[in-house]
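**Q** In this note's numbering, the protein residues as written are -3 to 554. One structure is given below, represented as structure tokens, and several questions about it will come after.
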Ligand code: ATP
Ligand code: MG
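So, in structure tokens, the structure goes:
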């Protein structure tokens, strides 16, 4: 392709609303263009890369024996019966001209299960894995970071159906390995982590996390034994917070206008871990008070499970806090009414701690568990860097990651709902065991750029780069340079190489900047050495520059 024929525009300036590197470069390189918040158009360069990415994913899915299909985007809302409330406002809902309710598919577990239920009758048709590469729609509360979190995004979603849980384990491993191959081929620095299984529970859920400081997820990793889990799910050893001291009696202290733990630490001459932090929530069944040591936060995903997978979990309002007999900023788990009090397991080790007195401007010091009314203990605290690994006793680290893929043993959660059964050898009708496997394709593209770029531009791995070579004619008015550039262009094209020729009447500086910006691994600069039949080859990844002749480009001289 010649740039003069291409729908091509790059930008020097960093777009104002693009905070992260990949978003800035995607826009600057003219890969994408914003349509509206969280919605993007793919321009020629971006579309080429997206095609290559989807082809790699498609190849590995096909190699794994999965069948490609294409579900509809527009679905009757009844398909999601049972999950509509859980999706809430994330789901785009609409009506047709007769008033019938539809939605735009946010994910397709139900649609696939319904199809398999119709088509599969016998154990002879199982196992089966189906997949699609399709646009998904989610009305995200905070679409951000360009393609990272969009309202409309491309996903590869696959679903496996098996006769039993042994079969499901096999299918799950097949998909897990296919995902490893995909992310290995893309050259990612990534980690596979244990993930929260949501309301469904069970043990089989893992996420593929690309390591990145801008990642929205926090991941707990043990460098020694390899334990890795999403922070929402991660566990660490229960620590002993206080030494075995003499039990004190609780004593009320005046703490006017002091509401935060930091202020209290300074005022009462205590450590953060000497405090028992109470956070009040409203949930499906009323009000819940969560207690964690003062140097921790409440891990809300864990709290959701402790509250029997409540759908709603919001910080309580001042009025709600008053309704349980307390006051914001001074909550203590003494005589609270009309609420459930859930304490983190580690609270059982606390002694002589400080807690709010349910009264404005007062705390209690020297408090002990016998003073409190706790309804339930559960693991609800955040894991911190330096915590002790449950498996090998060494110190845990917390890093950030971008979730690019998710594999999940659904077991019979959807198949049961849809009565998706098969007949076994003996004619018994049995519910299938299913798995669900997603890759955020457009998010993966962003993650690729996060890990493969400099301030000057994108440097994509060859297998996904929009073109392999970018030929620059240093001086368009120089016939020798022009001829050699065209010879190289034609030669590389007949060798089936993907090549872009910058034949514009622009300065060499402009052309070089564009060449460096748009993610092409090799630049060929045809300049003053053209008369000797030599050109400069720049390898973007290493920055290496060398003079080469046509032969070393795989072309015949002359
Ligand atoms: P997240 O926690 O980031 O919202 P999710 O758990 O909702 O992700 P899944 O429902 O498992 O994601 O979807 C499968 C994959 O689709 C994710 O691993 C992610 O890569 C991608 N994905 C999810 N939501 C978005 C989005 N709004 N924009 C782009 N990609 C997304
Ligand atoms: Mg989500």
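Where a beta carbon is used, it is the ideal one built from N, C-alpha and C, also for glycine.
#1: Does the beta carbon of residue 145 fall short of 7 Å from some heavy atom of ligand 1?
#2: Using 8 Å as the threshold, is the C-beta distance between residue 169 and residue 192 below it?
#3: In angstroms with no decimal places, state the Cα-to-Cα distance between residue 273 and residue 385.
#4: Let me know the beta strand (DSSP E) ranges lying completely inside the stretch 208 to 282, each 3 residues or longer, listed in chain order.
#5: What are the residues that DSSP puts in a beta bridge with residue 543?
#6: If you reduce the DSSP assignment to three classes, tell me which class residue 88 lands in.
#7: Could you check whether the Cβ of residue 402 sits closer than 7 Å to any heavy atom belonging to ligand 1?
#8: Tell me, please, whether the CB atom of residue 327 is closer than 8 Å to any CB atom in chain B?
#9: How big is the Cα-Cα spacing for residue 555 and residue 519?
#10: Decide if the stretch 424 to 435 is in contact with the stretch 465 to 485; the criterion is three or more beta carbon pairs, one per stretch, under 8 Å apart.
#11: Here's a check: name, in chain order, each residue in its chain whose Cβ is nearer than 6 Å to the Cβ of residue 443, leaving out the five neighbours to either side.
#12: To the nearest whole angstrom, what separates the beta carbons of residue 214 and residue 394, a pair I think is in contact under 8 Å?
#13: Which runs of the alpha helix (DSSP H) fall wholly inside the stretch 415 to 463 and span at least 4 residues, in chain order?
#14: Along the chain, where does the alpha helix (DSSP H) that runs through residue 57 open and close?
#15: Thinking residue 132 and residue 102 are a contact (beta carbons under 8 Å), I'd like their distance in whole angstroms, please.
#16: Among all the DSSP beta bridges, which residues are the ones paired with residue 95?
#17: If you draw a straight line from the C-alpha of residue 432 to the C-alpha of residue 295, how long is it?
#18: With distances taken Cα to Cα, identify the nearest neighbour of residue 547 among 535, 536 and 529.
#19: Assuming residue 354 contacts residue 328 (C-beta within less than 8 Å), just tell me the rounded distance between them.
#20: Please check the pair residue 448 and residue 457, which I expect to be a contact at CB under 8 Å, by giving their CB distance rounded to whole angstroms.
#21: Tell me the start and end of each unbroken alpha helix (DSSP H) in the stretch 301 to 372 that is at least 4 residues and wholly inside, in chain order.
#22: How about residue 103: is its Cβ closer than 7 Å to a heavy atom in ligand 1?
**A** Well, looking at it:
#1: yes
#2: no
#3: 24 Å
#4: 213 to 217, 224 to 226, 247 to 250 and 272 to 279
#5: Under DSSP, the beta-bridge partners assigned to residue 543 are 532.
#6: strand
#7: yes
#8: Absent here is chain B; the protein component of the structure consists of one chain.
#9: In this structure the chain extends from -3 to 554, so residue 555 is not present and cannot be described.
#10: no
#11: 206, 398 and 400
#12: 6 Å
#13: Within the stretch 415 to 463, the complete alpha helix (DSSP H) runs of at least 4 residues are 437 to 447.
#14: 40 to 59
#15: 6 Å
#16: BP columns for residue 95 are empty, so no partner.
#17: 25 Å
#18: 529
#19: 5 Å
#20: 7 Å
#21: 314 to 319
#22: yes
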